[in-house]
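In mature numbering (1 follows the signal peptide of the UniProt record, and there is no 0), the protein residues as written are -19 to -1, 1 to 108.
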């Protein structure tokens, strides 16, 4: 009888899910591809796992475009449009920006220097 109780307890322990580990919440950045479109338009396709929310994959895209802008000595960009997808645990953002030497009007304006500094602080890769 004692062996049966012990066996039942062991089966229950084996069937319960383990608590998530801290590493389950650390994003895995899979890369961001930047394409120069017509004129000042720039497209960023960013992919990652363990993003948690769409805003995190969009932040990754912002970091990528900010780094690209610094390489081209362009200080500002304005968000134009975005698409988002999540499939098989991979979060993907497809974002288009328009770059500018002058600070553009708009709600989502990217200051390259400030965004790159923020990305470094948050340990988000800047490609």
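Don't be surprised by glycine CBs; every beta carbon is placed ideally from N, CA and C.
State the start and end residues of the unbroken alpha helix (DSSP H) segment that holds residue i.
i           : result
residue 102 : 93 to 103
Where does residue i land, buried or exposed, given buried means 16+ other C-beta within 10 angstroms?
i           : result
residue 28  : buried
residue 80  : buried
residue 36  : exposed
residue 165 : Missing from the structure shown is residue 165; the chain here goes from -19 to 108 and no further.
residue 19  : exposed
Between which two residues does the beta strand (DSSP E) containing residue i stretch?
i           : result
residue 159 : One cannot answer for residue 159 here, as it falls past the ends of the chain, which runs -19 to 108.
residue 61  : 57 to 68
Taking residue i as the reference, give the member of the options with the closest Cα.
i           : options        : result
residue 105 : 68, 67, 11     : 11
residue 107 : 85, 61, 55, 40 : 40
residue 56  : 102, 92, 18    : 92
Quiz item: Can at least three beta-carbon pairs, one atom from the stretch 42 to 49 and one from the stretch 91 to 101, be found at a separation below 8 Å?
Solution: Counting C-beta pairs with one atom in each stretch, the stretch 42 to 49 and the stretch 91 to 101 have three or more that are closer than 8 Å, which means they touch.
Quiz item: What are the start and end residues of each continuous beta strand (DSSP E) run of 3 or more residues lying completely inside the stretch 4 to 35, in chain order?
Solution: Considered as a whole, the stretch 4 to 35 harbours 9 to 17, 22 to 30 as its complete beta strand (DSSP E) runs of no fewer than 3 residues, in chain order.
Self-check item: Sufficient close CB pairs (3 or more, under 8 Å) joining the stretch 14 to 32 to the stretch 66 to 84
Solution: Yes, they touch.
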